[in-house]
Amino acid sequence: MGRLVCAFCLLSGIVSAPLSAAPLNGLPLAGTEALTMEGDIAAQLVAGVDRFLLRKIDASIDDRAQRWQPDLSSPAAYEASLAPQRNRLAEILGVRDARLPFDAPALVATTDRAALVGEGDGYRVFA
Numbered sequence: 006m007g008r009l010v011c012a013f014c015l016l017s018g019i020v021s022a023p024l025s026a027a028p029l030n031g032l033p034l035a036g037t038e039a040l041t042m043e044g045d046i047a048a049q050l051v052a053g054v055d056r057f058l059l060r061k062i063d064a065s066i067d068d069r070a071q072r073w074q075p076d077l078s079s080p081a082a083y084e085a086s087l088a089p090q091r092n093r094l095a096e097i098l099g100v101r102d103a104r105l106p107f108d109a110p111a112l113v114a115t116t117d118r119a120a121l122v123g124e125g126d127g128y129r130v131f132a
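Just so we're aligned, residue 6 is where the sequence shown starts under the working numbering, counting upward by one.
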């Protein structure tokens with residue numbers, strides 16, 4: 006156990022040494038600038054993300070008119086014109102498998118437990 010701890014300490018020192026070898030003279034690394042933001046940086050970042058997303062939502066109204074042009078000539082044409090959007094939504098939601106046919110609920114019963122789990126006046130509950 007002691008050797009394992011010693012080896013871990015040695016390796017962590019070797020791995021972290023290059024990370025702590027940044028210049029101590031206060032100069033930024035090549036191709037970078039010093040961070041000059043003041044105040045609550047996290048709050049400023051969240052506010053920036055909020056502004057960005059609100060702009061995107063506002064722009065989506067105009068984009069929707071260009072992307073969403075359903076064919077209203079007939080119900081069949083309307084369904085066909087929505088197919089690309091439905092397929093894209095299914096892809097986004099991760100719906101990959103075809104739907105299974107549904108005839109009736111499956112009741113799970115064993116020799117130890119009946120499918121009937123409760124009943125009252127005028128109804129019975131199965132599982």
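Backbone N, C-alpha and C define an ideal beta-carbon position, used for all residues, glycine too. These figures come from a predicted structure and were not determined experimentally.
Run of the alpha helix (DSSP H) containing residue i, from where it starts to where it stops
{"i": "Glu-96", "result": "80–98"}
{"i": "Val-51", "result": "46–72"}
Residues near residue i in its chain [Cβ-Cβ closer than 8 Å; skip 5 each side]
{"i": "Asp-76", "result": "Ala-82, Tyr-83, Ala-85 and Ser-86"}
{"i": "Trp-73", "result": "Gln-90"}
Continuous beta strand (DSSP E) stretch holding residue i: start and end
{"i": "Leu-121", "result": "121–125"}
{"i": "Val-130", "result": "128–131"}
Proximity test, residue i beta-carbon vs the ligand MG heavy atom, cut-off 6 Å
{"i": "Leu-32", "result": "Of the ligands one can find in the structure shown there are none, so the ligand MG has no counterpart to examine."}
Own chain partners of residue i with C-beta closer than 6 Å, once the 5 adjacent residues on each side are dropped
{"i": "Leu-94", "result": "none"}
{"i": "Gly-130", "result": "As written in the sequence, residue 130 is Val, which differs from the Gly given in the question. Excluding residues within five positions, the ones whose Cβ falls inside 6 Å are Val-122 and Gly-123."}
{"i": "Ala-39", "result": "Pro-33"}
{"i": "Gly-36", "result": "none"}
Neighbourhood of residue i by C-beta, 7 Å cutoff - its chain only, sequence neighbours within 5 removed
{"i": "Ala-114", "result": "Ala-120"}
{"i": "Gln-49", "result": "Met-42"}
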